[in-house]
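If you're matching positions, the sequence shown starts at 1 in this note's numbering and goes up one per residue.
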Amino acid sequence: MSISATMGTCWGPWTSVQLIIEGLHQVGWGDVPVVAMETIGCDSLNCCVREKKWSQIPDITSAAKCLGARQVCQQAYQWLSQHKIISCLVNDREAASACLQFADEHHMLVELACGAALAAAYGDTLHELLRTDQLSLRNGHIVLVVCGGSAVSLDLLGQWRDMFAL
């Protein structure tokens with residue numbers, strides 16, 4: 001079976017990322033990096049990376065609140081030392097733009113937190129990680145985990161389009 005070169009997903013306080021990383025290790029794919037995407041203002045994992053310790057953000061200021069937590073759980077934080085996790089940030093506008101583009105292309109609605117993961121592909125994040133050799137496409141596959149949609153509607157997508165002038 002061909003393994004993926006990279007997994008990309010949104011990062012919340014616990015979310016499916018824990019299960020993704022555990023699953024990668026269980027099937028012998030422990031060397032597959034995970035690109036953990038967050039929005040600025042809801043960046044509790046990135047805060048831990050910046051401060052090099054388990055820490056928390058003062059407040060959630062991003063519009064992407066659905067997976068928001070001021071602090072990631074300690075077990076999720078511990079994966080930073082056990083697995084290659086690349087923490088990346090996008091702003092709310094980039095996440096909203098990715099949600100709208102995904103809706104146009106795939107006819108599915110997703111929330112802003114998921115839009116952060118999609119923004120990795122629709123924007124420059126993955127290209128920049130590849131260009132700077134932080135990621136490799138040794139197997140040619142990047143898997144994006146697309147989740148979230150229970151708190152999104154066409155009306156909300158329209159509000160984001162207006163709010164961010166998209």
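Cβ coordinates follow ideal geometry from the N, Cα and C atoms, glycine included.
For residue i, which of helix, strand or coil comes out of DSSP?
{"i": "M7", "result": "strand"}
{"i": "A165", "result": "coil"}
{"i": "T63", "result": "The question names Thr, but residue 63 in the sequence shown is Ala. Reduced to three states, the DSSP call for A63 is coil."}
{"i": "E111", "result": "coil"}
{"i": "C147", "result": "coil"}
{"i": "V34", "result": "strand"}
{"i": "T132", "result": "coil"}
Give the single residue among the options whose Cα lies nearest to the Cα of residue i.
{"i": "Q159", "options": "R93, A120 and L19", "result": "R93"}
{"i": "V49", "options": "F102, V143, S62 and L89", "result": "L89"}
{"i": "S62", "options": "N91, S81 and D104", "result": "N91"}
{"i": "Q82", "options": "Q134, Q18, R70 and N46", "result": "Q18"}
{"i": "L100", "options": "W79, Y122 and H141", "result": "Y122"}
{"i": "A151", "options": "A64, C10, D104 and V27", "result": "A64"}
{"i": "T95", "options": "V27, I40 and H25", "result": "A quick correction: the sequence has Ala, not Thr, at residue 95. Residue I40 is the option with its Cα nearest to A95."}
{"i": "L24", "options": "V143, D162 and A165", "result": "V143"}
{"i": "H107", "options": "L80, W54, S153 and R70", "result": "S153"}
Using the rule of at least 16 other Cβ atoms within 10 Å of the residue's Cβ for burial, across every protein chain shown, is residue i buried or exposed?
{"i": "T125", "result": "buried"}
{"i": "L137", "result": "exposed"}
{"i": "E22", "result": "exposed"}
{"i": "D31", "result": "exposed"}
{"i": "A113", "result": "buried"}
{"i": "D43", "result": "buried"}
{"i": "P58", "result": "exposed"}
{"i": "G51", "result": "A small correction: the amino acid at residue 51 is Glu; Gly does not occupy that position in the sequence shown. Result: exposed."}
{"i": "T132", "result": "exposed"}
Whole-angstrom Cβ separation of residue i and residue j, contact assumed at under 8 Å?
{"i": "M7", "j": "A116", "result": "With a Cβ gap of about 14 Å, M7 and A116 do not count as contacting."}
{"i": "L118", "j": "V146", "result": "7 Å"}
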